[in-house]
Amino acid sequence: MWLSCQEIFEVSGASKKFSFAADFSENPVSATVAFRGPVQIDGEVANRAGIVTLDYTARFTMSLCCDRCLKPFSRDESFHFTHGLVTALEHDADDAYFLVIPDMRVDLAETAWTDILLELPAKVLCREDCKGLCPVCGQDWNLGGCSCDKKEIDPRWKALDGFFSSSDE
Ligand SMILES: [Zn+2]
Ligand SMILES: [Zn+2]
C-alpha cells in the first residue's frame, strides 16, 4: 500500500492515520520462519513543526521452528517503529531511521517488511530455557530426560579430547 504524504509535508501540524493489512504469507523469511496470516499495520504520519515522522505498530503471528528442539510453534508479535521522512538526505546519514521519499510516497508494505526483518531475533527458541534434544537418541529433553549417559562421549570426540589436552602444555 502506497501512502501519499504530500499534503503532510506541505502543512505544518497536519497528520494522517492509516490502517491496513499486509500479506507476506507467500514470502517465507527463511526455511523455519514465516508469517502466519496478515500483518496488521496501524499508524500515523505527522508533520510537527516541519519535521515529518512515520509512526506505526505492526502486529502479526510468526510460524517458527525452535533452533534447539526443532519444535514448530507460533508466536504473536507486536513491534513499534518510527521513521523520519525526508525528500532528500542532507548528510551522508547511513541511518535506517530516515526514509528518503523524493516523490513523498511511502511503500508501507515494503517499509514494514524491512523493519520487521531487522527486528526478528537471529536465534529462535520455543522458550528461553528450552533444553533441546539429546544428541545421542534425539529425545526432547523438555519432555523429560533420556537414559543416555551424558558423560558417555562419542569415541571420535574422546580422541579429540586427548588431542586438545596434550597440545596445552
Ligand atoms: Zn525448543
Ligand atoms: Zn538420549
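Each step along the sequence shown adds one to the number in our numbering, with nothing skipped, and position 151 is 1117.
Glycine included, each C-beta is placed from N, C-alpha and C at the ideal position.
If you're wondering where the values come from, they're calculated on a predicted model, not measured in any experiment.
- Per the coordinates, the alpha-carbon of Y1022 lies some 15 Å from the alpha-carbon of L1083.
- With 16 or more other Cβ atoms from the protein chains shown falling within 10 Å of its own Cβ, M1028 counts as buried.
- Membership of L1074 in the alpha helix (DSSP H) is indicated by the continuous run L1074 to E1085.
- Only buried fits H1049, as 16 or more other CB atoms lie within 10 angstroms of its CB.
- For F975, the enclosing alpha helix (DSSP H) begins and ends at Q972 to E976.
- Remark: the C-beta of L1091 is in contact range of ligand 1, defined as less than 7 Å to any heavy atom.
- With contacts defined by Cβ atoms closer than 8 Å, V1011 and L969 form a contacting pair.
- A heavy atom of ligand 2 is found nearer than 7 Å to the CB of C1100.
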